[in-house]
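Under numbering that gives the first Met the number 0, residues 0 to 387 are what the sequence shown spells out, in order. Every residue, glycine too, gets a C-beta built ideally from N, C-alpha and C. Just so you know, these numbers come straight off a predicted model, no measurement behind them. Take a look at the structure set out below.
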Amino acid sequence: MKIGIDKIGFYTPSFYVDMTELAEARNIDPNKFTIGIGQDKMAFAPISQDSVTMGANAALQILNEEDLKKIDLVILATESGIDESKAGAVYIHRLLGIQPFSRAIEIKEACYGATAGINLAKDYVAKHPESKVLVIGSDIARYGLETGGEATQGAGAVAMVISANPRCITLEDDNVFYTEDIMDFWRPVYSEYACVEGKYSTEQYIHFFQTIWEKYREKFGKKLDDFAAICFHLPYTKMGKKALDTIIETAPSDVQERLLENYRLSTLYSRSVGNIYTGSLYLSFISLLENQANLQANDKIGFFSYGSGAVGEFFHGTLQPDFKKYIRTEEHAELLANRTKLSISDYETKFKQQLPKDGSTFEIDPSSDPAPIVLTGIQDHKRQYIKK
Ligand code: HMG
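Rendered as structure tokens:
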């Protein structure tokens with residue numbers, strides 16, 4: 000049975016920071032951010048957006064009545080969870096109006112979470128071919144003002160419907176996965192911000208990619224030539240390229256050219272959004288689909304997922320005959336174009352705004368955020384969400 004991504008969409012909040020302005024404010028050469036790291040803009044989540052609202056906003060655009068009836072498993076992958084106990088997926092299930100005889104759970108393993116969710120969904124659909132599964136990766140990446148990681152922040156969510164006979168891409172079963180207990184990036188429960196060993200994390204990303212790719216080649220006999228494109232988890236857009244560069248020379252020059260051009264196209268959205276952790280790999284797939292007009296049915300797309308801590312995985316998918324009907328280029332162009340640029344001082348002020356942590360009541364004006372689903376405050380320790 001063919002199983003894979005039937006529909007895919009993304010959401011990013013309505014504010015962004017210009018990376019050249021951020022560099023200037025930090026007395027850094029802007030080329031370091033725009034060329035060295037490869038980021039032009041960084042999405043910023045206002046206080047009215049969290050992993051629940053962003054995930055629900057991403058799913059809202061792609062689900063129709065039939066999906067709402069057929070989805071019976073909702074998986075939210077996030078490392079920006081809003082509760083230590085209740086799954087964010089339960090709120091999302093209600094906000095979207097999914098039929099009640101469903102499971103709703105949350106999954107965590109840094110940026111790898113959505114890949115874990117997709118694999119769980121694939122196994123579930125294999126056993127229940129009539130069911131559909133909603134998998135969401137939703138996160139706010141924050142390292143703090145004037146920190147080494149500041150230029151690699153971002154916010155957003157990707158939502159995918161996993162089903163039998165998917166119309167976008169089938170996901171094959173040639174997964175190679177790898178786990179090693181390392182401390183490259185983590186966020187203790189008492190901390191707002193991630194702890195990160197920046198240079199070490201980039202080395203580990205490459206180490207995981209090389210180790211997994213070697214095993215993949217050995218186990219499945221595949222070569223770079225087999226792929227129209229490879230999508231990467233993109234903590235910043237230079238990162239995947241650093242990994243790809245370590246193996247690209249094994250391919251003939253025309254294949255190298257194709258993979259490098261498609262890599263560039265797969266990074267366009269991340270360049271304007273930044274790191275969205277769990278959704279990042281799948282945002283690079285959306286960027287590729289919507290910016291490379293030459294892709295064709297049956298093209299094979301490789302995926303490299305990496306979540307600090309760390310778990311990595313490589314697998315591939317095959318584009319389906321009607322995949323172009325299910326991409327949303329115009330809506331996504333509009334979403335990115337309609338954002339408001341924050342001055343650096345407004346960004347710093349908004350960055351410091353926090354939801355109360357002492358249980359006090361808090362209200363947020365829903366008209367301050369154009370998103371259809373927003374957080375309107377906290378009452379009796381309960382987050383209040385509305386769909387406008
Ligand atoms: P840094 O020390 O600020 O930057 O840290 P740098 O000195 O390494 O410079 C970055 C690049 O800019 C270098 O290029 C410089 O040469 C270049 P490279 O040598 O790497 O190719 N550069 C310039 N280029 C042009 N003109 C200039 C110029 N100056 C310098 N004037 C770092 C950068 C990414 C480490 C930092 O921002 C950080 O710690 N970020 C957070 C961690 C991170 O993103 N790690 C990535 C791998 S781990 C991962 O992917 C998992 C993650 O998503 C979390 C999860 O799984 O949940 C993070």
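In this structure D173 is in contact with F219, their Cβ atoms being roughly 5 Å apart against a cut-off of 8 Å. Of the residues assessed, T245 falls on the exposed side of the cut-off, its CB having fewer than 16 other CB atoms within 10 angstroms. In the three-state reduction of the DSSP assignment, E83 falls in the coil class, being assigned neither a helical nor a strand state. Straight across, the Cα-Cα distance linking I285 with I7 is about 8 Å. Just measuring C-alpha positions, the residue of Q60, T360 and S279 sitting nearest I326 is Q60. Distance from the Cα of N30 is smallest, within the candidate group E312, T19 and I2, for T19. Near the ligand HMG, meaning a Cβ closer than 5 Å to any of its heavy atoms, lie the following residues in chain order: D28, N30, K31, I34, G35, A109, C110, G147, G148, T151, F184, V195, G197, S200, T201, Y204, P234, Y276, G306 and S307. Distance check between M159 and each of E64, V254, L119 and Y281 places Y281 closest, using alpha-carbon atoms only. Secondary structure remark: continuous beta strand (DSSP E) runs of at least 3 residues inside the stretch 23-105, in chain order: 40-43 and 70-76. The criterion of a C-beta distance shorter than 8 Å is not satisfied by L95 and G87. Look at S137 here: in three-state DSSP terms it is strand. By the criterion of at least three beta-carbon pairs nearer than 8 Å, the stretch 123-135 is in contact with the stretch 147-166. The beta carbon of D321 is closer than 6 Å to those of R166 in its chain, skipping five residues each way along the sequence. For a cut-off of 8 Å, the C-beta gap from E312 to F176 is around 4 Å, short enough to register as a contact. The Cβ atoms of P371 and N56 lie closer than 8 Å to each other.
Setting aside the 5 residues that flank it on each side, E83 is surrounded in the same chain by V188, each with a C-beta closer than 8 Å to its C-beta; the list follows chain order. DSSP places G278 outside any beta strand (DSSP E), giving it a letter other than H or E. DSSP, read as helix, strand or coil, puts L288 in helix. A direct Cα-to-Cα measurement between E260 and P251 gives close to 14 Å. Sixteen is the threshold: since fewer than 16 other Cβ atoms of the shown chains lie within 10 Å of the Cβ of Q352, the residue is exposed. For K237, the secondary structure class from DSSP, reduced to helix, strand or coil, is helix.
For V124, the three-state secondary structure derived from DSSP is helix. Out of D368, K85, L354 and P369, the CA that lies nearest to the CA of I377 is found in L354. Only residues of its own chain outside the window of five on either side were considered, and among them K222 have a CB closer than 8 Å to the CB of R216, listed in chain order. Residue pairing by DSSP places C167 opposite no residue, since no beta bridge is assigned to it. The three-state reading of DSSP puts Y192 in coil, since its state is none of H, G, I, E or B. Under the criterion of beta carbons closer than 8 Å, L72 and V132 qualify as touching, at roughly 4 Å. Taken atom to atom, the span from the alpha-carbon of R338 to that of S13 is near 4 Å. In this structure, the CA atom of H92 is about 12 Å from the CA atom of L62.
As far as DSSP is concerned, S283 takes part in no beta bridge. DSSP, reduced to helix, strand and coil, places F226 outside both helices and strands of the structure shown, so it counts as coil.
Beta-bridge annotation (DSSP): E333 is not paired with any residue. For F350, there is no enclosing beta strand (DSSP E); the residue is part of the alpha helix (DSSP H) that begins and ends at I343 to K351. Between the alpha carbons of S137 and Y235 lies a gap of roughly 17 Å. Taking a 10 Å sphere around the C-beta of K381, we find fewer than 16 other C-beta atoms and assign the residue as exposed.
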